[in-house]
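So in UniProt numbering, spot 329 of the sequence shown is number 329, and the numbers just go up one at a time.
Backbone N, C-alpha and C define an ideal beta-carbon position, used for all residues, glycine too.
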Amino acid sequence: TICYRDGRCRVPFCCASPLLHCSLSLPWNPSCLKLRMAEIGIAACLCLMLAMAAGGALGSSPCDDPSVANLPFCNPDLDLVDRVKDLVSRMSVTDMISQLGNTAPAIEHLNIPAYQWWSEALHGVASSPGVSFGGKVPSATSFPQVIGIAATFNSTLFYEMGQAISTEARAMNNVGQAGLTFFTPNINIYRDPRWGRGQETPGEDPYLTSAYVEQYVAGLQFGPDQRYLKTVACCKHFSAYDLENWNGTDRFHFNAIVSDQDFAETYFPAFESCVRVGKVSSIMCSYNAVNGVPSCANNVIQNQIVRNEWDFSGFIVSDCGAINTIMADHHYTNTTEETVQVALRAGTNLNCGGFYQKYAMEAYNKSYITEADLANAVGPLFGQR
């Protein structure tokens, strides 16, 4: 049998049968996803069967514990916003700070398990801190590089690839080999062929990139019942990121000078489509600065544009180590406390890395940040978990 996080179990099934998938919010209600072997590939089916044989999801819902079962955050009949608000209100400052890194420890007094936010799936579930291939599932389907997939101009294919990858991710999560939050897709515009990561992207065309991200994100995140997330996607790297190391400048120090017209015509359309049409749950801010302001400290593009103009309600995660670059490489701030302050207040909820977890308490003790700042950061994270 396969057992899910709400305690329900079912017998294994063949690849052509419906697969129940669970929401990232707990407790969970099931919906069905029809798998078609011809569209997702033999490897996806093998992955699913391995997951079935392994006996299902690890552990039980945090809300199965009698100490929290009757608390509002465990009541599935309440609105999600109210449940998250109740959960966060029960966290101490120490609890909240502990959750601001990609490696988030358990909150034992609330029965919240530890979680690794960093999993990768640009064109297939990939080895990363949240993904391992050493157990029941030895491999996952590797689709062609994104620039090749995008060259088909086939929106159905973009969606079905997302569906296949998220199905494998669910199966791997059931046996403890993958998380459910994936730092994908990369939708930076490939303007210069000398950039070493262009193959990760759909290419140089904002229109095609928008079409790709709308369908791929939908495939990653949703099954037939769109009330429930299948996995969490993350559109990256925001914004104007397309340099690794060239002519004495690297991605940690680069300052992209971008006009309003170039933002509107080139750099923003794909991310706006990701948010407005794809309904993505997270965005990653990049290492580089934009017009003198480090991306992860940029209140204008993250809060005023992404959250207010585009109505984004998910979380923003830094690229890995990008909070540190605000101070260490861009020299935009002078102290660790100031760095925590500007990043949190610019809307960067989660640090891929340990900067927040290491320095946020000192920032709080010195009144650079408030308990409300921490609650505002943590709330959207648990809105997805």
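Query raised in the report: When we look at the beta-carbon of ILE189 and count the other beta-carbons within 10 Å, is it buried (16 or more) or exposed?
Result: Mapped onto the sequence shown, residue 189 falls at position 189. The residue is buried, with at least 16 neighbouring Cβ atoms inside 10 Å.
Query raised in the report: Ordered along the chain, which non-local residues of its own chain (more than five positions away) have a Cβ less than 6 angstroms from that of GLN215?
Result: Counting from one through the sequence shown, the residue named residue 215 turns up at place 215. Correct list, in chain order: SER155, PHE158 and TYR159.
Requested in this report: Find out if the Cβ-Cβ distance for the pair GLN221, THR231 is shorter than 8 angstroms.
Outcome: The residue labelled residue 221 in the question sits at position 221 within the sequence shown. The residue labelled residue 231 in the question sits at position 231 within the sequence shown. Yes, they are a contact pair.
Query raised in the report: Going by other Cβ atoms of all chains shown within 10 Å of its Cβ, with 16 needed for buried, is PRO27 buried or exposed?
Result: By 1-based counting over the sequence shown, the position of residue 27 is 27. Low per-residue confidence applies at PRO27: pLDDT is 38, beneath 50, and the placement is therefore not dependable, though the value from the model is reported in the following sentence. With 16 or more Cβ atoms within 10 Å of its Cβ, PRO27 is classed as buried.
Requested in this report: List the whole-angstrom C-beta distance separating MET361 from ILE97, where the pair is believed to meet the contact cut-off of C-beta under 8 angstroms.
Outcome: For the purposes of this step, residue 361 is identified with residue 361 of the sequence shown, where counting begins at 1. For the purposes of this step, residue 97 is identified with residue 97 of the sequence shown, where counting begins at 1. With a Cβ gap of about 6 angstroms, MET361 and ILE97 count as contacting.
Query raised in the report: Which runs of the alpha helix (DSSP H) fall wholly inside the stretch 340 to 364 and span at least 4 residues, in chain order?
Result: none
**Report entry** Expected contact under 8 angstroms - CB spacing of ASN351 and SER318 to nearest Å
**Finding:** Locating residue 351 in the sequence shown gives position 351, counting from the first residue. Locating residue 318 in the sequence shown gives position 318, counting from the first residue. That pair is a contact at about 5 angstroms.
Query raised in the report: Between ASP82 and ASN245, what straight-line distance do the alpha-carbon atoms span, to the nearest angstrom?
Result: Taking the sequence shown and counting its residues from 1, one reaches residue 82 at position 82. Taking the sequence shown and counting its residues from 1, one reaches residue 245 at position 245. Each residue's Cα considered, the two are about 45 angstroms apart.
**Report entry** Contained alpha helix (DSSP H) runs [length at least 4] in the stretch 217 to 286, N- to C-terminal order
**Finding:** 269 to 276
Requested in this report: Determine the extent of the alpha helix (DSSP H) in which ILE165 is found, giving its start and end residues.
Outcome: For the purposes of this step, residue 165 is taken as residue 165 along the sequence shown, with counting starting at 1. Unbroken alpha helix (DSSP H) run through ILE165: 155 to 174.
Query raised in the report: How many Å lie between GLU204 and ARG191 at the Cα?
Result: On the sequence shown, residue 204 is found 204 positions in, with the first residue counted as 1. On the sequence shown, residue 191 is found 191 positions in, with the first residue counted as 1. C-alpha separation (whole angstroms): 5 angstroms.
Query raised in the report: Who are ILE316's beta bridge partners in DSSP?
Result: By 1-based counting over the sequence shown, the position of residue 316 is 316. Paired residues: ILE283.
Report task. Specify, as a first and last residue, the run of the alpha helix (DSSP H) that GLN145 falls within. Result -> Locating residue 145 in the sequence shown gives position 145, where the first residue counts as 1. Neither: GLN145 is in no alpha helix (DSSP H) and is coded neither H nor E.
Query - PRO380, DSSP secondary structure in three states - result: If you number the sequence shown from 1, residue 380 lands on position 380. Here PRO380 sits in helix by DSSP.
Query - Proximity winner among VAL84, ASP79 and THR167, relative to ALA140 (alpha-carbon distances) - result: To locate residue 140, count along the sequence shown from 1; it is residue 140. Ranking the options by Cα distance to ALA140, first place goes to THR167.
Query raised in the report: Does the distance from the C-beta atom of PRO72 to that of ILE112 stay below 8 angstroms?
Result: The residue labelled residue 72 in the question sits at position 72 within the sequence shown. The residue labelled residue 112 in the question sits at position 112 within the sequence shown. Contact: no.
Query raised in the report: With distances taken between CB atoms, is the gap from TYR359 to THR325 smaller than 8 angstroms?
Result: The residue labelled residue 359 in the question sits at position 359 within the sequence shown. The residue labelled residue 325 in the question sits at position 325 within the sequence shown. No, these two residues do not count as a Cβ contact at 8 angstroms.
Requested in this report: Kindly indicate which residue of GLY314, THR336, GLY179 and SER295 has the alpha-carbon position closest to the one of PHE133.
Outcome: Your numbering for residue 133 matches position 133 in the sequence shown. Here the closest residue by C-alpha is GLY179.
Query - Residue(s) in a DSSP beta bridge with ALA178 - result: Locating residue 178 in the sequence shown gives position 178, where the first residue counts as 1. DSSP lists no partner for ALA178.
Report task. Could you tell me the distance, in whole angstroms, from the CA atom of ILE147 to the CA atom of ARG276? Result -> As a working mapping, residue 147 is identified with position 147 in the sequence shown. As a working mapping, residue 276 is identified with position 276 in the sequence shown. Those two C-alpha atoms are separated by around 23 angstroms.
Requested in this report: Could you name the residues of the same chain whose beta carbon sits closer than 6 angstroms to that of ASP65, not counting the 5 residues immediately before and after it, in chain order?
Outcome: Position 65 of the sequence shown, counted from the start, is the residue given in the question as residue 65. The answer, listed in chain order, is ASN111.
Requested in this report: Give the single residue among VAL84, ILE301 and PRO185 whose Cα lies nearest to the Cα of GLY383.
Outcome: Indexing the sequence shown from 1 puts residue 383 at position 383. Of the candidates VAL84, ILE301 and PRO185, the one whose C-alpha sits nearest the C-alpha of GLY383 is VAL84.
Query raised in the report: Which partner residues does THR103 have in the DSSP bridge list?
Result: The count along the sequence shown starts at 1 and reaches residue 103 at position 103. Partner(s): GLN116.
Report task. Tell me, please, which residues DSSP counts as bridged to SER127. Result -> What you label residue 127 is simply residue 127 of the sequence shown in a count that begins at 1. Answer is none; SER127 lacks a bridge partner.
Requested in this report: Compute the distance between the beta-carbons of VAL340 and MET91, then report whether it is under 8 angstroms.
Outcome: For this step, residue 340 is matched to residue 340 along the sequence shown. For this step, residue 91 is matched to residue 91 along the sequence shown. No, these two residues do not count as a Cβ contact at 8 angstroms.
Query raised in the report: LEU87 lies in the alpha helix (DSSP H); which residues open and close that run?
Result: Here the question's residue 87 lines up with position 87 in the sequence shown. It spans 80 to 89 - the alpha helix (DSSP H) in which LEU87 sits, taken as one unbroken run.
Query raised in the report: Considering SER98, what are the terminal residues of the alpha helix (DSSP H) in which it resides?
Result: Counting from 1 along the sequence shown, the entry for residue 98 is found at position 98. Looking at the DSSP string, the run of the alpha helix (DSSP H) that includes SER98 is 93 to 98.
Query raised in the report: Just the Cα atoms here: how many angstroms apart are GLN116 and ASN102?
Result: By one-based count along the sequence shown, residue 116 stands at place 116. By one-based count along the sequence shown, residue 102 stands at place 102. Each residue's alpha carbon lies about 6 angstroms from the other.
Report task. Within its chain, find whatever has a CB closer than 7 angstroms to the CB of SER128; leave out the 5 residues flanking it on each side and keep chain order. Result -> Counted from its first residue, the sequence shown places residue 128 at position 128. Excluding positions up to five away in sequence, the list reads TRP118, SER119 and GLU120.
Query raised in the report: For THR152, does the count of other Cβ atoms within 10 angstroms reach 16, so buried, or fall short, so exposed?
Result: As a first step, residue 152 must be located in the sequence shown, where it is residue number 152. With fewer than 16 Cβ atoms within 10 Å of its Cβ, THR152 is classed as exposed.
**Report entry** Start and end residues, alpha helix (DSSP H) containing THR325
**Finding:** One-based indexing of the sequence shown puts residue 325 at position 325. Unbroken alpha helix (DSSP H) run through THR325: 322 to 328.
**Report entry** Proximity below 8 angstroms, CB of residue 397 to CB of GLY292
**Finding:** Outside the shown range of the chain, which is 1 to 385, sits residue 397, and nothing can be said about it.
Query raised in the report: Helix, strand or coil for ALA289 per DSSP?
Result: Translated into positions along the sequence shown, residue 289 becomes position 289. Strand at ALA289.
Query raised in the report: Going by beta carbon distance, what residues of the same chain come within less than 7 angstroms of GLY124, once the five residues before and after it are set aside?
Result: Residue mapping note: residue 124 aligns to position 124 of the sequence shown, counting from 1. Within the same chain, GLY124 has close Cβ partners ALA140, THR141, SER142, PHE143 and ILE165.
Query raised in the report: Leaving out five residues before and five after ALA69 in sequence, what residues of the same chain have Cβ atoms less than 7 angstroms from its Cβ?
Result: On the sequence shown, position 69 is the one that residue 69 refers to. Closer than 7 angstroms at Cβ, skipping near neighbours: CYS63.
Report task. Would you mind stating whether VAL213 and CYS235 have Cβ atoms separated by less than 8 angstroms? Result -> Within the sequence shown, numbered from 1, the residue matching residue 213 stands at position 213. Within the sequence shown, numbered from 1, the residue matching residue 235 stands at position 235. Yes; because the gap between Cβ atoms is below 8 angstroms, this pair is in contact.
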